[in-house]
Amino acid sequence: MKKHCHLNIVIQIIILLRSTGSVQVLNNASGRIVGGEATTIDKADFMVSIRVSGKFICGGSLVTNEYVITAAHCVKGFSPSSLTVVGGATKLSETGLRRGVAKIILPKDYNQRTFHRDAAVLKLSGKMDGNNIGIIELCNKTWQLGDYVQVYGWGQVSENIRSSSNVLRAVTVPLVSRKKCISMYKKEATITQSMFCAGNSEGKDSCAGDSGGPAIFEEQLCGIVSWGVGCARPEYPGVYTSIKTVKGFINKAMAL
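As numbered in mature numbering (1 follows the signal peptide of the UniProt record, and there is no 0), residues -22 to -1, 1 to 234 make up the sequence shown, in order.
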């Protein structure tokens, strides 16, 4: 899901974010659930999809009944009135519970080129309450190498299949050490202080369309699917925004 968001490589050196509509020239990257399995919304009732003019673009996470956390690259450049957030639905084709967006808040130091602090807060136009609607706590857990995160999304199930999954999917991937991730990406992009990496060589990853979705550790929202090179490539783990590095921004945004 980017993972990741949780969003495909074109012949030139291109970064594909894990949103379905965002492409930025930078290095070789992509946006991502590959190698996971179908799940249902009751297993991740905080999960929402974000639409522009009805079209799915990214995932997001409800952290209160009126605030959603997603990736900045998913929503930058859009007006709040063009966005709709859908919760309580396993399938993109389901109606679910829909709310408009009243406000989009991005970190002042979000970097569109490097994806540093790739996070956004959406204030909904009305509270989201109902069946299969829940919230998730922001991360305060401490993890270590060997731990795993669970990623959810409606993104592509393969790097080469350029359509979103209609059904919500989940994948569990191991954390990758910062030192190793920096080394793996040294020719492609910069792993900034706001990022962490997760993935393995078993064909599991987030993919295009999973951007903005959650990376969950011990039932807390600890990451946002952001970017990566391709999908499920063993030499390139998925890259995520660390919630701990943007938690101050999120709390301030929700207090405005």
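Here a beta-carbon is modelled for each residue, glycine too, at the ideal position from N, C-alpha and C.
Separation of residue j from residue i, as counted between CA atoms
i, j, result
"G191", "K157", "25 Å"
"Y163", "G108", "42 Å"
"I194", "G201", "7 Å"
"residue 238", "E196", "An answer regarding residue 238 cannot be provided, because it is not within the stretch -22 to 234 covered by the chain."
"Q198", "N118", "8 Å"
"T48", "C36", "8 Å"
"I114", "R91", "29 Å"
"M232", "V79", "14 Å"
"T42", "I228", "12 Å"
"A167", "V207", "10 Å"
"K225", "P215", "23 Å"
"Y126", "L100", "27 Å"
"N89", "E213", "25 Å"
"L153", "T62", "32 Å"
"V217", "K21", "24 Å"
"W205", "I221", "15 Å"
"V149", "R77", "27 Å"
"K165", "R147", "31 Å"
Buried or exposed (CB count within 10 angstroms, at least 16 for buried), residue i
i, result
"A7", "Any reading at A7 must be qualified, since the residue scores a pLDDT of 39, below 50, and its modelled position is unreliable; no value is offered."
"S143", "buried"
"A176", "buried"
"T120", "exposed"
"C161", "The sequence as given places Ser at residue 161; Cys does not occur at that position. Classification for S161: exposed."
"G133", "buried"
"T219", "buried"
"D188", "buried"
"L234", "exposed"
"G124", "exposed"
Proximal residues to residue i (C-beta, below 7 Å), its chain only, five neighbours per side dropped
i, result
"V145", "A16, T68, K69"
"G65", "V26, L40, G74, L75, M106, I111"
"C159", "I169, C175, P215"
"N178", "V151, P152"
"K230", "none"
"P58", "V79, A80, K81, I82"
Same chain only: Cβ atoms within 6 Å of residue i, ignoring 5 sequence neighbours per side
i, result
"H94", "T170, S172"
"S39", "F24, I47, I114, P192, L199"
"E44", "L102, K105"
"Q122", "none"
"V223", "Residue identity differs from the one stated: residue 223 is Thr in this sequence, not Val. Counting only Cβ-Cβ distances below 6 Å, and skipping sequence neighbours, we find S172."
"S155", "L123"
"K54", "none"
Rounded Cβ spacing between residue i and residue j (contact assumed at less than 8 Å)
i, j, result
"S31", "S71", "Their Cβ separation, rounded to whole angstroms, is 17 Å, which puts S31 and S71 out of contact at 8 Å."
"L116", "A98", "Going by Cβ atoms, the distance from L116 to A98 rounds to 14 Å, so no, they are not a contact pair."
"Y129", "V203", "According to the sequence displayed, residue 129 carries Val and not Tyr. Between V203 and V129 the Cβ distance is about 6 Å, and since that is below 8 Å, they are a contact."
"I28", "C52", "6 Å"
Heavy atom of the ligand SAH within 7 Å of residue i beta-carbon
i, result
"K222", "Because no ligand of any kind appears in the structure shown, any question about the ligand SAH cannot be addressed here."
Cβ shell of residue i (< 8 Å), same chain only, five flanking positions each side left out
i, result
"F56", "V30, I82"
"D87", "H94, R95"
Residue ranges of each alpha helix (DSSP H) within the segment 20 to 77, 4 or longer
50 to 53
Report the start-end ranges of each alpha helix (DSSP H) in the segment 123 to 173 that is 4 residues or longer and not cut off at the edges.
156 to 162
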